[in-house]
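For the sequence shown, our numbering begins at 16 and goes up steadily by one. First the structure, in the form of structure tokens, and then the observations on it.
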Amino acid sequence: MATTAPSHDVKDLGLAPAGVTRVEWADRQMPVLSAIRERFERERPLDGIRISACLHVTTETANLARTLKAGGADVVLCASNPLSTQDDVAAALVAEYGIPVFAIRGEDDQTYYSHISAAVDHHPQLTMDDGADVIGVLHKDRRDQLGEILGGTEETTTGVIRLKALEAEGQLTFPIIAVNEADTKHLFDNRYGTGQSTIDGIIRATNFLLAGRRFVVAGYGWTGRGVAMRARGMGAHVIVTEVEPVRALEALMDGYEVMSMERAAEVGDVFCTATGDKNVIGRGAIERLKDGAILANTGHFNVEIEIPALRDLAVATREARPDVEEFEFADGRKVYLIGEGRLVNLATAEGHPAAVMDMSFANQALSAEHVVAHAGELERRVYVVPEEIDREIARLKLESMGVEIDQLTEEQARYLASWDEGT
Ligand SMILES: NC(=O)c1ccc[n+]([C@@H]2O[C@H](COP(=O)([O-])OP(=O)(O)OC[C@H]3O[C@@H](n4cnc5c(N)ncnc54)[C@H](O)[C@@H]3O)[C@@H](O)[C@H]2O)c1
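Here it is as structure tokens:
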């Protein structure tokens, strides 16, 4: 299949030198991915494979794209969120690293989808998604291309949920590796990466003092746990809302206050949704918010806060600070929405620190290699990342941090595998 020659669409190629400096800075924190890149350069496991990647266009993603290219892949990149693109990085990828990018920070929805479409025009053999957008477009509008695809990878919880739904309906047409399911992904990226960078985004946008404030975290999954942990570390009084009883109990025993969103709405100073669900802060909760309440979301889509209700209830809106919109209600209360309710760590900070994306993107690179190596054998299913890849990434990460761990002795291995060895 001949590909259409991809060009690019970025804000300003003149930003490239600044982007390169930042990409190199991130690379220093990504030793596992660097080691994979060196091996890929030698072995070329992705030789000639066309990849369409739809990821947040950040310094860390740039290093992943460089790694795929080093492995021989023909990569194009588009954004997985209209507000997460770092324009200098997009420019650097095009001008310095020779990787076509279709992404401009702040692009409208129409441009966002036209950029995804441009990436799909590349006729991928391998898709790489963060939120299942490319796979969605292929399954809905580009079915004629489905036969060209060997497989795909998916980065985040929300994307994996969608792909499992597609699989359950018997509609999934190629194998997917759910990168999010790797222990070396969600235990670290979702928890420590999102935890730190979400707090960073809220603070950069507002310069708000968290100490002594009531900080409401909606959802106590991997991201919610990280946000709650780091908000507490900043001295906030953390309140958790949940719908799942075991998670709610866990939050309670981790020492947080747990209550319904309806009640939390009346007492919270800062709110952060982390659920992957919609209308978690819905109209009823919005009506109860205190004057000055700050609303942020770190879940994948901007549906967790019911923004249409916020607009409907407001008698006036204005930009209070860059990326902070003020909504004034009829009774004079004012509440603030950060980054259009889009994932705040990418909208108003820089996304996850490189050291954690090192593991997430090592999973992406090795999963891509796995899909290509096993193309004929994989079924049309959502697979977890093979355990040997997960373990190897943890081993390499520990090694890069200079940490040694013990090894099982033969006697211990035998003991742990036996059922009849007594005390
Ligand atoms: N900002 C980022 O960089 C980033 C990073 C990783 C994941 N994510 C996204 O964050 C979201 C959550 O991911 P996760 O890995 O924590 O998922 P998870 O499944 O581990 O946790 C989600 C939690 O939200 C709870 N929940 C669902 N509906 C709720 C509601 N109405 N009120 C309160 N709680 C509710 C669920 O019971 C669950 O415990 C997803 O959209 C994911 O894609 C974002």
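Just so you know, even glycine gets a beta-carbon here, dropped at the ideal spot from N, CA and C.
Which class does residue i belong to by DSSP, given the choice of helix, strand or coil?
i: ALA68; result: strand
i: GLY356; result: helix
i: ALA20; result: The predicted position of ALA20 is uncertain, since its pLDDT is 48 and thus under 50; no value can be drawn from it.
i: HIS252; result: strand
i: PRO122; result: Residue identity check: residue 122 is Glu in the sequence provided, not Pro. GLU122 falls in the coil class under three-state DSSP.
i: VAL135; result: helix
i: ILE191; result: strand
i: PHE376; result: helix
i: ASP89; result: strand
i: LEU393; result: coil
i: GLY166; result: strand
i: PHE117; result: strand
i: TYR430; result: helix
i: LYS26; result: coil
i: GLU75; result: helix
i: VAL258; result: coil
i: THR82; result: helix
i: ASP400; result: The sequence shown places Val at residue 400, not Asp. Looking at VAL400 - three-state DSSP - the assignment turns out to be coil, as it is neither helix nor strand.
i: GLU343; result: strand
i: ALA106; result: helix
i: ALA2; result: Because residue 2 is not part of the residues shown, which for the chain are 16 to 438, the question remains open.
i: GLU407; result: helix
Rounded to the nearest angstrom, how far is the Cβ of residue i from that of residue j, given a contact under 8 Å?
i: ALA246; j: ILE214; result: 6 Å
i: VAL295; j: ARG228; result: The Cβ separation is near 20 Å, so there is no contact.
i: ALA300; j: GLY239; result: Between GLY239 and ALA300 the Cβ distance is about 17 Å, and since that is not below 8 Å, they are no contact.
i: ASP405; j: THR221; result: With 8 Å as the limit, ASP405 and THR221 do not qualify as a contact, their Cβ atoms being about 37 Å apart.
Determine whether the beta carbon atoms of residue i and residue j lie at a separation below 7 Å.
i: THR142; j: GLY174; result: no
i: ASN78; j: ALA41; result: yes
i: GLU137; j: VAL91; result: The amino acid at residue 137 is misidentified as Glu; the sequence shows His. Cβ atoms of HIS137 and VAL91: closer than 7 Å.
i: THR171; j: GLY208; result: no
i: VAL152; j: VAL104; result: no
i: THR76; j: GLY216; result: no
i: ARG120; j: ASP102; result: yes
i: SER204; j: VAL387; result: Correcting the residue type first, residue 204 is Asp in the shown sequence and not Ser. It is not a contact, given that the beta carbons lie outside the stated cut-off.
i: GLY241; j: ARG219; result: no
i: GLY297; j: GLU321; result: yes
i: VAL491; j: HIS23; result: Since the first residue of the chain shown is 16 and the last is 438, residue 491 is not available in this structure.
i: ALA85; j: ARG37; result: no
i: VAL350; j: ALA390; result: no
i: ARG59; j: GLY87; result: yes
i: SER212; j: ASN378; result: no
i: VAL253; j: PHE223; result: no
Flag residue i as yes if its beta-carbon sits less than 7 Å from any beta-carbon of chain B, otherwise no.
i: GLU302; result: This model lacks chain B altogether, as it is built from one protein chain only.
Worksheet item: Pairing CB atoms from the stretch 43-57 with CB atoms from the stretch 403-421, are three or more of them under 8 Å?
Response: At 8 Å Cβ cutoff, the stretches touch.
Item to complete: Please confirm if the stretch 232-243 is in contact with the stretch 252-261, defined as three or more CB-CB distances below 8 Å between the two stretches.
Response: yes
Worksheet item: Counting Cβ pairs, one atom from each stretch, are 3 or more of them under 8 Å apart for the stretch 184-200 and the stretch 317-331?
Response: no
Worksheet item: Touch check for the stretch 300-318 and the stretch 177-192: three-plus C-beta pairs under 8 Å?
Response: At 8 Å Cβ cutoff, the stretches do not touch.
Worksheet entry | Inter-stretch contact at 8 Å, needing at least 3 Cβ pairs: the stretch 81-91 / the stretch 111-122 | yes
Item to complete: Only counting runs of 3 or more residues, tell me where the beta strand (DSSP E) segments fall wholly within the stretch 263-321, in order along the chain.
Response: 285-288, 309-312
Discussion item. If we require 3 or more residues per run, which beta strand (DSSP E) segments fall completely within the stretch 190-253?
Written reply: Taking only runs of at least 3 residues, the beta strand (DSSP E) segments lying wholly in the stretch 190-253 are 191-193, 229-233.
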